[in-house]
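*Asks:* My questions all concern the structure below.
Numbering (the working numbering), first residue to last: 72 to 125.
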């Protein structure tokens, strides 16, 4: 089930079927979060650092 974090600090789990309606009805109460990128360095950059001839 998707988890929604509210500005009050409350954590709510909402079923997939109800998620769209819940988000629309409570958009002013929902806390926005930014997640760090999980991607590593670009492979071609790694190859260039390890093999300058490449």
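Cβ coordinates follow ideal geometry from the N, Cα and C atoms, glycine included.
Taking 6 Å as the limit between beta carbons, can you name the residues of its chain near residue 83, skipping five residues before and five after?
*Replies:* Hits under 6 Å: 75.
*Asks:* Would you kindly report the start and end of the unbroken beta strand (DSSP E) that includes residue 84?
*Replies:* First-last of the beta strand (DSSP E) with residue 84: 82-84.
*Asks:* Note down the Cα distance separating residue 87 from residue 103, rounded to an integer number of angstroms.
*Replies:* Cα to Cα, the separation comes out at about 19 Å.
*Asks:* Between which two residues does the beta strand (DSSP E) containing residue 74 stretch?
*Replies:* 74-76 is the span of the beta strand (DSSP E), which, as asked, contains residue 74.
*Asks:* Keeping to the same chain, check which residues put their C-beta closer than 6 Å to that of residue 93; ignore five residues upstream and five downstream.
*Replies:* Once the five neighbours on either side are set aside, the close Cβ partners of residue 93 are 85.
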